[in-house]
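Just so you know, we're using the numbering used here here: the sequence shown kicks off at 56 and counts up by one. Ideal Cβ placement from N, Cα and C applies to all residues, glycine included. I have placed the structure first, in the form of structure tokens, so that the comments after it can refer back to it.
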Amino acid sequence: MNAMGSDGPRASVIVRTYNRPEMLERAVRSVAAQTWRNLEVVVVNDAGEDVGPRLDALRPLFERPEDVVYLNFPPERKPGRCRAASEGIEASSGEWIFYLDDDDFWYPEHVEVLLAAAAETGAKVLYSDAMQGYEEPVGENGAYVVTSVKDGPSEDFNRAAFYVGTYIHISTFCHHRSVYDQLGGFDPELLVLEDLDLFFRYAQAHDFHHVKRFTSQFQIRSDYTNAVTSMKAEFVTTREALCRKYLHTVISDLLSYVHEGRGRIELTLRELQASEARVASLEARVARLERELDEARS
């Protein structure tokens, strides 16, 4: 029997990394454990310590040794987060592009679930849901332990919702290579929120298909070493700039969002009015029963 996905489209997994070898190994192992076997992992080392020997040790876990592609950039050629992703895509061979942050990991069915949904719906851009893990540092060697896990965001696609928050995690996201060919990759001028910029841009041409299933896990660390916690000012400034840049693309969705919200408010008011009427009726009934009881006693 063929391995799952061996006859299906090839998936390329882009992993950018910088000086997190233990976490990277966990991430790559989760790729190797996928039920979908026709895949490759492209690790782009953004001028950090060399992780080549670690990756070589993991090659036997994949279908073929060449399914592990390693791009190792020295400090003098450091590409940065955004260009590193583009370098990874250009070096990849897959029909579908997936992303995995080096400090996150996938559950075994992640790729299979998304590609099955793509085949069923014809969607070119898809995402699933991710659990949110909390990690605490242990010892002095940079190791962490997961202390708790809870459900992460699970929201259907809505362009206007990007203005409320980034409800799609990059490690749950995938797209057909033709989308990249048409619309490009991450903006190399951005230091943070390059994923939100990509979502805004891809959403101009595609409706994203949401697979309501938790297929991965992203991590929040208590020592504030995540980019989202260590670069709060940059996130705020960049988010404001992106919202201004793409406002024209979501006007219709924003109006629909407002209309939907107004409809929900009106429904809630009607339900409240109905509840108040029932309460008033019950109060009147109680008052009548009390009068009848007083009359009976007298």
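What first and last residue would you give for the beta strand (DSSP E) that runs through residue i?
{"i": "residue 275", "result": "264 to 276"}
{"i": "residue 66", "result": "66 to 72"}
{"i": "residue 244", "result": "That residue, residue 244, is in no beta strand (DSSP E); it is neither H nor E in DSSP."}
{"i": "residue 111", "result": "Note, residue 111: premise wrong, no beta strand (DSSP E); alpha helix (DSSP H) at 107 to 113."}
{"i": "residue 118", "result": "Where residue 118 is concerned, there is no enclosing beta strand (DSSP E), given that its DSSP letter is neither H nor E."}
{"i": "residue 93", "result": "Here residue 93 belongs to no beta strand (DSSP E), and DSSP marks it neither H nor E."}
Pop quiz: residue i and residue j are said to be a contact at Cβ under 8 Å. What is the actual Cβ separation, rounded to whole angstroms?
{"i": "residue 66", "j": "residue 181", "result": "12 Å between Cβ atoms; not a contact."}
{"i": "residue 110", "j": "residue 87", "result": "That pair is no contact at about 11 Å."}
{"i": "residue 272", "j": "residue 160", "result": "6 Å"}
{"i": "residue 34", "j": "residue 230", "result": "The structure shown has nothing for residue 34, since the chain only spans 56 to 353."}
{"i": "residue 103", "j": "residue 73", "result": "4 Å"}
{"i": "residue 265", "j": "residue 211", "result": "5 Å"}
{"i": "residue 274", "j": "residue 207", "result": "Contact flag wrong, Cβ pair sits at about 11 Å."}
{"i": "residue 25", "j": "residue 217", "result": "This structure does not reach residue 25, given that the chain is present from 56 up to 353, and the question cannot be answered."}
{"i": "residue 59", "j": "residue 157", "result": "That belief does not hold up - the Cβ atoms of residue 59 and residue 157 are roughly 25 Å apart, past 8 Å."}
Given that a residue counts as buried once 16 or more other Cβ atoms are within 10 Å of its Cβ, and exposed if not, what is residue i?
{"i": "residue 214", "result": "buried"}
{"i": "residue 285", "result": "Unreliable positioning characterises residue 285 in this predicted model, as indicated by a pLDDT of 49, which lies under 50. The coordinate reading is nonetheless provided below. Per the 10 Å Cβ criterion, exposed."}
{"i": "residue 320", "result": "exposed"}
{"i": "residue 134", "result": "buried"}
{"i": "residue 116", "result": "exposed"}
{"i": "residue 341", "result": "exposed"}
{"i": "residue 149", "result": "buried"}
{"i": "residue 183", "result": "buried"}
{"i": "residue 347", "result": "exposed"}
{"i": "residue 85", "result": "buried"}
{"i": "residue 297", "result": "buried"}
{"i": "residue 168", "result": "buried"}
{"i": "residue 176", "result": "exposed"}
{"i": "residue 253", "result": "buried"}
{"i": "residue 323", "result": "exposed"}
{"i": "residue 331", "result": "exposed"}
Could you give the first and the last residue of the continuous alpha helix (DSSP H) run that contains residue i?
{"i": "residue 258", "result": "249 to 258"}
{"i": "residue 80", "result": "76 to 87"}
{"i": "residue 236", "result": "232 to 238"}
Sufficient close CB pairs (3 or more, under 8 Å) joining the segment 239 to 254 to the segment 197 to 212:
No, because fewer than three Cβ pairs between the segment 239 to 254 and the segment 197 to 212 fall closer than 8 Å, the two stretches do not touch.
With contact counted as at least three CB pairs below 8 Å, one residue from each stretch, are the segment 212 to 225 and the segment 247 to 257 in contact?
The way I'd put it, the segment 212 to 225 does touch the segment 247 to 257; three or more beta-carbon pairs between them come closer than 8 Å.
Please list the segments of the alpha helix (DSSP H) lying wholly inside the segment 134 to 166, counting only runs of 4 or more residues, in order along the chain.
Unbroken alpha helix (DSSP H) stretches of 4 residues or longer found wholly inside the segment 134 to 166: 135 to 146, given in chain order.
Does the structure place the segment 144 to 156 close enough to the segment 92 to 106 that three or more beta carbon pairs sit under 8 Å?
The way I'd put it, the segment 92 to 106 does touch the segment 144 to 156; three or more beta-carbon pairs between them come closer than 8 Å.
For the segment 180 to 209, which segments carrying the beta strand (DSSP E) assignment without a break, of at least 3 residues, lie completely within its bounds, in sequence order?
Runs found: 180 to 193, 198 to 206.
Assess contact between the segment 189 to 196 and the segment 113 to 123, defined as three or more Cβ pairs (one per stretch) separated by less than 8 Å. Is contact present?
Two segments are said to touch when three or more pairs of C-beta atoms, one from each, lie closer than 8 Å; by this definition the segment 189 to 196 does not touch the segment 113 to 123.
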